[in-house]
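**Q** Next up is a structure, given as structure tokens.
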Amino acid sequence: MLLFYKQYSDSGAPLLILHGLFGHQGNWAGPARELADEFSVYGLDARNHGSSEHTKLMTYSDMAEDVRETMDELGIEQADFIGHSMGGKTAMQFALNWPDRVKRLLVVDIAPVAYKGGPDPVLNALLKLDLAAISSRQEADILLEADIPEKAIRDFLLTNLRRDRNGFRWRMNLMAINKCYSDLRGALNGDSPFPGPTLFIKGELSGYLQPAYKEQTIRLFPEAQIKTVSGAGHWVHSEKPQQFIKLARRFLLD
Numbered sequence: 002m003l004l005f006y007k008q009y010s011d012s013g014a015p016l017l018i019l020h021g022l023f024g025h026q027g028n029w030a031g032p033a034r035e036l037a038d039e040f041s042v043y044g045l046d047a048r049n050h051g052s053s054e055h056t057k058l059m060t061y062s063d064m065a066e067d068v069r070e071t072m073d074e075l076g077i078e079q080a081d082f083i084g085h086s087m088g089g090k091t092a093m094q095f096a097l098n099w100p101d102r103v104k105r106l107l108v109v110d111i112a113p114v115a116y117k118g119g120p121d122p123v124l125n126a127l128l129k130l131d132l133a134a135i136s137s138r139q140e141a142d143i144l145l146e147a148d149i150p151e152k153a154i155r156d157f158l159l160t161n162l163r164r165d166r167n168g169f170r171w172r173m174n175l176m177a178i179n180k181c182y183s184d185l186r187g188a189l190n191g192d193s194p195f196p197g198p199t200l201f202i203k204g205e206l207s208g209y210l211q212p213a214y215k216e217q218t219i220r221l222f223p224e225a226q227i228k229t230v231s232g233a234g235h236w237v238h239s240e241k242p243q244q245f246i247k248l249a250r251r252f253l254l255d
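Per this note's numbering, the sequence shown starts with residue 2, numbered consecutively.
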């Protein structure tokens, strides 16, 4: 599948940015513009997200293949990658599948492991929101507040809400995400490790990069470094943008 993309610049070597679950490339516009003087920056919308096509299947192999097809269409042979959360797993799977096409790999607050746990409360809240019953974005925000008390997370999610002549709709394919959710929480696999430079950036307050995951991470990414951003949660790039850009620029320009 060819993905929707936005090219922020054509200033240097290609840099692909892959967003996380429930996101879209626009969530990364700030970092993309910060890095636009040094790189040809492309923000990609994952399948079932943003302006990319909707489809029933959504494994990391599928999403890595989407990135490969899009790179081929753009004539990009090799690129640097930044991937956050789901996008980080997609970038890792791409690097394991096609290591010669990844120059440097920067993964934001996710590990290549299987994550345990039950249904996602955010996903459940979105699924139960009756779009036919709301008349404004503010009303949707109020209805989501009981299940998602964090205003910043609601604001992030509501960037996906669109209104047309038939009413409100989500840009993302919630039914497919729900059906494939166990795949999205699963571990990554590769026939051999990715040998290239790899940086994992962890939010200090986030639980996605645990010490217990280090062995499995290093097995697949033996050149990995791990840096922690103090005071940041899972959305490191939006919570601590200056610290994130400083680490990213230092790694990508090394």
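Just so you know, even glycine gets a beta-carbon here, dropped at the ideal spot from N, CA and C.
Keeping to the same chain, check which residues put their C-beta closer than 6 angstroms to that of V68; ignore five residues upstream and five downstream.
**A** F95
**Q** Using a 10 Å radius around the Cβ and a threshold of 16 neighbouring Cβ atoms, would you call G208 buried or exposed?
**A** exposed
**Q** From which residue to which residue does the alpha helix (DSSP H) around Q217 run?
**A** 215-221
**Q** Using the Cα positions of N28 and D192, report the straight-line distance between them to the nearest angstrom.
**A** One C-alpha to the other measures close to 33 angstroms.
**Q** Can D81 and L200 be called in contact, C-beta distance under 8 angstroms?
**A** no
**Q** What are the start and end residues of each continuous beta strand (DSSP E) run of 3 or more residues lying completely inside the region 85-122, in chain order?
**A** Entirely contained in the region 85-122, the beta strand (DSSP E) runs reaching 3 residues are, in chain order, 103-109.
**Q** Between R166 and T229, what straight-line distance do the alpha-carbon atoms span, to the nearest angstrom?
**A** 46 angstroms
**Q** Can you list, in chain order, the residues of its chain with a C-beta nearer than 8 angstroms to that of T219? Leave out the 5 residues immediately preceding and following it.
**A** Inspection of the sequence shows that residue 219 is occupied by Ile rather than by Thr. So the qualifying residues of the chain are A225.
**Q** Kindly indicate which three-state DSSP category W236 falls into: helix, strand or coil?
**A** coil
**Q** Determine the direct distance from the alpha carbon of W171 to that of L221, and round the result to whole angstroms.
**A** 35 angstroms
**Q** Over the uninterrupted alpha helix (DSSP H) stretch that includes R250, give me the two end residues.
**A** 242-253
**Q** In the DSSP assignment, find the beta strand (DSSP E) that holds S41 and state where it starts and stops.
**A** 41-45
**Q** Quick check on P32: buried or exposed, where buried means 16 or more other Cβ atoms within 10 Å of its Cβ?
**A** buried
**Q** Please confirm whether E74 and L162 have their CB atoms less than 8 angstroms apart.
**A** no
**Q** Which whole-angstrom value is the C-beta distance of F40 and L22, which I expect to be below 8 angstroms?
**A** Their Cβ separation, rounded to whole angstroms, is 25 angstroms, which puts F40 and L22 out of contact at 8 angstroms.
**Q** Pick out whichever of G89, G51, G76, P122 has its Cα sitting closest to the Cα of A65.
**A** G89
**Q** Pick from V42, Y182, N179: whose alpha carbon is nearest that of Y6?
**A** V42
**Q** Quick one: residues in its chain with C-beta nearer than 7 angstroms to the C-beta of E205, no 5 flanking neighbours on either side, listed in chain order?
**A** T229, V230, S231, G232, A233
**Q** Could you check the C-alpha separation between Y214 and V109 for me, to the nearest Å?
**A** 14 angstroms
**Q** From the DSSP output, read off the bridge partner residues of Y6.
**A** L45
**Q** Looking at H25 and A177, is the spacing between their C-beta atoms short of 8 angstroms?
**A** No, Cβ-Cβ distance for A177 and H25 is not below 8 angstroms.
**Q** Would you call the CB atoms of P100 and F195 closer than 8 angstroms?
**A** yes
**Q** With a threshold of 16 other CB atoms inside 10 Å of the CB of N49, please say whether the residue is buried or exposed.
**A** buried
**Q** Determine the burial state of D46: buried for a count of at least 16 other Cβ atoms within 10 Å of its Cβ, exposed for fewer.
**A** buried
**Q** Can you confirm whether the region 147-155 touches the region 113-132 when touching is taken to mean that 3 or more C-beta pairs between the two stretches lie within less than 8 angstroms?
**A** yes
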